[in-house]
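Protein chains in written order, with the working numbering: chain A, 178 to 374; chain B, 17 to 400.
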Amino acid sequence: MWDYSKTVQEHFLHPHNAGPMDDANAVGEVGSLACGDALRLYLKVSDKGVIEKASFETFGCASAIASSSMLTDMITGMQVDEALKLTNKDIVARLGGLPREKMHCSVMGEEALEAAIRNWKGEPPVPHAQEIGKLVCKCFGVTDAQIIRVIRENDLKTLEDVISYTKAGGSCGECQDEIAEILDAELKNRAEQKKIA
Amino acid sequence: MKTIYLDNNATTAIASEVREAMMPYLGELYGNPSSMHTFGGQVAHAVAEAREQIAALLGAQPEEIIFTSCGSESDNTAIWSALQTQPEKRHIVTTALEHPAVLNVAQFWERQGYRVTRIGVDDKGRLDQDAYANSLTEDTAIVSVMFANNETGNVHPIGKMAEMAKEKGIVFHTDAVQAVGKVDIDLSKISVDMLSLSGHKLHAPKGIGVLYVRKGVRFRAFMRGGHQERGRRAGTENVPYIVGLGVAAKLAAEGFAAERSQVGALRDRLQKGLLDAIPDCRVNGDIENRLPNTANISFKNVEGEAILLMLDQLGICASSGSACTSGSLEPSHVLRAMGVPFNYAHGSIRFSLSRYNTEEEIDFVVSHMPDVIKTLRNLSPFKG
Chain A
178 MWDYSKTVQE HFLHPHNAGP MDDANAVGEV GSLACGDALR LYLKVSDKGV
228 IEKASFETFG CASAIASSSM LTDMITGMQV DEALKLTNKD IVARLGGLPR
278 EKMHCSVMGE EALEAAIRNW KGEPPVPHAQ EIGKLVCKCF GVTDAQIIRV
328 IRENDLKTLE DVISYTKAGG SCGECQDEIA EILDAELKNR AEQKKIA
Chain B
17 MKTIYLDNNA TTAIASEVRE AMMPYLGELY GNPSSMHTFG GQVAHAVAEA
67 REQIAALLGA QPEEIIFTSC GSESDNTAIW SALQTQPEKR HIVTTALEHP
117 AVLNVAQFWE RQGYRVTRIG VDDKGRLDQD AYANSLTEDT AIVSVMFANN
167 ETGNVHPIGK MAEMAKEKGI VFHTDAVQAV GKVDIDLSKI SVDMLSLSGH
217 KLHAPKGIGV LYVRKGVRFR AFMRGGHQER GRRAGTENVP YIVGLGVAAK
267 LAAEGFAAER SQVGALRDRL QKGLLDAIPD CRVNGDIENR LPNTANISFK
317 NVEGEAILLM LDQLGICASS GSACTSGSLE PSHVLRAMGV PFNYAHGSIR
367 FSLSRYNTEE EIDFVVSHMP DVIKTLRNLS PFKG
């Protein structure tokens with residue numbers, strides 16, 4: 178049994194802002210049925226760039242539903258630019274933690290938010306444009322740039338962490354060597370930067 | 017809140033008769049069955065009686081029963097023994113559906129240089145019999161096929177498959193952990209060489225298992241040490257649990273026919289009730305050849321863990337083959353081998369019943385399940 182915090186349980190059993198939004202002017206979608214979780218985030222953004230309303234539809238486990246619910250609470254009333262600074266870590270903190278194996282649910286929230294804001298700005302629906310890197314995990318469609326971002330944002334140290342946070346390498350496992358190389362390079366990078374500092 | 021336990025393929029309640037029979041051996045009758053004195057000797061009699069009770073349930077001889085610590089130990093031992101006694105043979109045949117206790121053991125031997133054939137299945141989870149027939153070679157040391165599948169409840173044609181192995185002189189092992197006590201198994205009529213069973217799946221406690229080894233089949237011990245179990249499994253006998261398993265086997269043999277029809281009727285009531293009340297769901301498995309206690313049902317476009325946690329709020333215990341429940345990121349290997357589409361595979365729920373379930377419990381589940389699925393479908397971005 179997963180050890181979910183009280184907050185996760187509450188947001189799963191009584192999700193806030195659930196369901197589609199008729200007057201939304203921005204939508205962000207991530208995940209798929211094949212992957213086992215998916216999130217569609219709806220925003221109503223004012224002319225001044227304030228997120229007036231947010232709602233979600235989620236296919237997934239309790240932590241995916243709770244992460245979506247918490248995300249909509251957090252961003253309501255926020256300036257778009259301010260919201261873009263949020264990461265999955267902020268969602269996890271507000272939820273009172275998530276089991277390591279479920280961290281990818283919070284990453285999904287961050288990616289959906291970014292996709293929705295890009296949609297509002299009229300940009301193409303590719304999350305993390307700078308991240309159209311090389312496809313690493315073919316099963317779950319994760320690129321090297323996405324992996325590097327999540328490693329940096331969450332200060333990840335092990336292959337197992339990267340799998341839990343990005344899902345990359347979690348299916349057939351073929352790309353795990355490649356992920357390990359990416360992680361090694363990042364860890365070296367991090368060590369050198371520390372030296373300089 | 018009352019617990020409605022529909023997860024009996026995971027583990028079962030210890031029968032009160034079993035518990036009572038065990039109690040003296042957790043108290044005053046603590047002797048070692050190997051001792052020379054009467055105090056230990058009386059315990060040896062209890063172990064012998066349990067051995068007879070288990071043999072009777074299986075249509076076996078008492079000396080063909082080896083007590084182990086669990087089903088996994090039995091599986092490990094069976095494969096180890098077949099490979100060690102036939103070092104010249106380098107091929108293992110098993111299936112894509114096995115429990116990890118066979119799946120991962122086969123993979124271990126594969127890394128040691130053995131060739132492993134894994135028989136695939138069709139969309140109902142039925143084993144490909146042509147592929148099986150073609151897989152048996154002179155190099156094959158052992159065939160290991162589970163008697164019944166833990167997730168779908170499918171019962172495999174073990175008698176026929178064992179006969180085919182026998183014709184080629186190949187050792188045939190079956191992991192019957194899910195089948196013993198639920199379907200008729202008469203080892204005097206089928207040519208199974210080794211069979212694994214586990215106590216806690218048939219109302220005995222966790223921590224006791226059996227490996228049946230047919231008389232005349234070459235055997236090498238996996239656990240070495242003392243002379244217990246006639247040198248075939250070292251370690252002081254787990255007397256209270258052995259006694260408990262014996263009683264559980266006796267209860268299973270006595271109540272077998274009644275239980276099968278009663279549990280089967282409840283399972284059918286549950287399955288029909290859910291399929292009638294909830295649109296877009298399907299049964300996974302081979303309905304004609306299934307354990308009487310198991311129904312694996314997929315609910316389209318919702319995720320299994322979320323269903324389980326909502327059922328948990330109602331006191332209902334079941335399990336799921338969804339990715340999120342296992343800690344892995346993939347749905348169950350059994351459902352994937354069957355090619356269950358993703359929009360159904362992630363929403364699979366296994367209900368597994370026992371003799372202790374009642375009609376009221378089943379009706380409670382049938383009356384609450386539609387709301388659970390409706391709530392989650394309303395949340396889901398995938399419709400239709």
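C-beta atoms are modelled at their ideal positions from N, C-alpha and C, and glycine is treated no differently.
By DSSP's criteria, residue i is part of a beta bridge. Which residues make up the other side?
i       : result
C316(A) : C316(A) is not bridged to any residue.
E234(A) : R217(A)
F315(B) : C297(B)
R131(B) : H107(B)
C333(B) : Y21(B)
F83(B)  : V226(B)
A195(A) : F233(A)
V227(A) : Q256(A)
L143(B) : V137(B)
A365(B) : According to the sequence displayed, residue 365(B) carries Ile and not Ala. Partner(s): I313(B), S336(B).
V196(B) : V199(B)
V222(A) : I228(A)
A164(B) : V171(B)
R306(B) : N170(B)
When we look at the beta-carbon of residue i and count the other beta-carbons within 10 Å, is it buried (16 or more) or exposed?
i       : result
M17(B)  : exposed
R393(B) : buried
E44(B)  : exposed
K198(B) : buried
E114(B) : buried
I373(A) : exposed
R67(B)  : buried
Q307(A) : Reliability fails at Q307(A), whose pLDDT of 48 lies under 50, so the model's placement of it is uncertain and no value is given.
C349(A) : exposed
F233(A) : buried
F189(A) : buried
Q323(A) : buried
F98(B)  : Looking at the sequence provided, one finds Ala at residue 98(B) rather than Phe. When all chains shown are included, A98(B) counts as buried.
S370(B) : buried
G387(B) : First, the amino acid is wrong: residue 387(B) is Asp here, not Gly. By the neighbour-count rule (16 or more Cβ atoms within 10 Å), D387(B) is not buried but exposed.
S214(B) : buried
M326(B) : buried
F163(B) : buried
If you follow the alpha helix (DSSP H) that residue i is in, where does it begin and where does it stop?
i       : result
H172(B) : That residue, H172(B), is in no alpha helix (DSSP H); it is neither H nor E in DSSP.
M247(A) : 239-252
T28(B)  : Where T28(B) is concerned, there is no enclosing alpha helix (DSSP H), given that its DSSP letter is neither H nor E.
I268(A) : 265-272
I258(B) : 255-270
S212(B) : Per DSSP, S212(B) belongs to no alpha helix (DSSP H); it is in the beta strand (DSSP E), 210-214.
R240(B) : First-last for R240(B): undefined, no H or E at that position.
V284(A) : 280-298
P425(B) : Missing from the structure shown is residue 425(B); chain B here goes from 17 to 400 and no further.
I324(A) : 321-331
R367(A) : 353-373
Which residue comes first and which comes last in the beta strand (DSSP E) that contains residue i?
i       : result
H189(B) : 187-191
A157(B) : 156-160
L227(B) : 225-229
R236(B) : Premise fails: R236(B) is in no beta strand (DSSP E) and is neither H nor E.
A203(A) : 203-209
F55(B)  : Looking at the DSSP string, F55(B) is not in any beta strand (DSSP E); the run it does join, the alpha helix (DSSP H), is 54-74.
Kindly give me the distance between the Cβ atoms of residue i and residue j, rounded to whole angstroms, as I take these residues to be in contact under 8 Å.
i       : j       : result
A281(B) : V299(B) : With 8 Å as the limit, A281(B) and V299(B) do not qualify as a contact, their Cβ atoms being about 16 Å apart.
A215(A) : V207(A) : 7 Å
D202(B) : V187(B) : Incorrect: roughly 20 Å between the Cβ atoms, too far for contact.
K266(A) : E330(A) : 6 Å
R271(A) : S341(A) : Actually they are not in contact, since the Cβ atoms of R271(A) and S341(A) sit about 19 Å apart, beyond 8 Å.
T101(B) : R249(B) : Their Cβ separation, rounded to whole angstroms, is 16 Å, which puts T101(B) and R249(B) out of contact at 8 Å.
V34(B)  : A220(B) : 5 Å
H298(A) : C212(A) : It should be noted that the sequence gives Lys, not His, for residue 298(A). Actually they do not touch by this definition, with Cβ atoms about 26 Å apart.
S207(B) : K231(B) : With 8 Å as the limit, S207(B) and K231(B) do not qualify as a contact, their Cβ atoms being about 12 Å apart.
T153(B) : H107(B) : 6 Å
Against chain C, does residue i count as a neighbour if the rule is that its beta carbon must be under 7 Å from one of theirs?
i       : result
F398(B) : Here the protein chains are A and B, and chain C is not one of them.
Would the beta-carbon of residue i be found less than 6 Å away from any heavy atom of the ligand GTP?
i      : result
I20(B) : Of the ligands one can find in the structure shown there are none, so the ligand GTP has no counterpart to examine.
>> Pairs of beta-carbons, one from the region 259-268 of chain B and one from the region 231-241 of chain B, closer than 8 Å: are there three or more?
In response: no
> Given 8 Å as the limit, is there contact between the region 357-371 of chain A and the region 284-295 of chain A, that is, 3 or more CB pairs closer than that?
Replying inline: no
>> Any contact between the region 233-247 of chain A and the region 317-325 of chain B? By contact I mean 3 or more CB pairs, one from each, below 8 Å.
In response: yes
> If we count Cβ pairs, one from each stretch, closer than 8 Å, do we get three or more for the region 276-294 of chain B versus the region 84-98 of chain B?
Replying inline: no
> Is it a yes or a no for the region 116-124 of chain B touching the region 172-185 of chain B, going by three-plus beta-carbon pairs under 8 Å?
Replying inline: no
>> So, does the region 221-228 of chain A touch the region 310-321 of chain A, judging by three or more C-beta pairs under 8 Å?
In response: no
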